[in-house]
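Residue numbers (this note's numbering): 17 to 114. We treat Cβ as the ideally placed atom computed from N, Cα and C, and that holds for glycine. Predicted model, so just to flag it, every value in this text is computed and none were measured.
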């Protein structure tokens, strides 16, 4: 499947918008939804990469996919730690209350 340059640019614009949404979700403390969005982006980029046959477009998609993986995995691990710590704090509070 050959995608036009405009199609790729449109997808990249959507990715930027999604990145902004993810940052806002994290600032609001909604780490689980942010992690889910990251995984969806990585999944959709990998599907797009598999479908694309044009060499230049594949390179653009691959660069984006690698960037999302490199930046998302460490953040997702940190978010899981935050979520886990938040849950432990809630459990400790529940056990300490009479």
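Please classify residue i: is it buried, with 16 or more other beta-carbons within 10 angstroms of its beta-carbon, or exposed?
i, result
"residue 93", "exposed"
"residue 84", "buried"
"residue 76", "buried"
"residue 57", "buried"
"residue 24", "buried"
"residue 89", "exposed"
"residue 64", "buried"
"residue 17", "For residue 17, the predicted model reports a pLDDT of 49, less than 50, meaning its position is unreliable; a value from the coordinates is still stated below. With fewer than 16 Cβ atoms within 10 Å of its Cβ, residue 17 is classed as exposed."
Helix, strand or coil for residue i per DSSP?
i, result
"residue 92", "helix"
"residue 73", "helix"
"residue 43", "helix"
Assuming residue i contacts residue j under a Cβ cut-off of 8 Å, what Cβ separation, rounded to an integer in Å, is found between them?
i, j, result
"residue 80", "residue 61", "6 Å"
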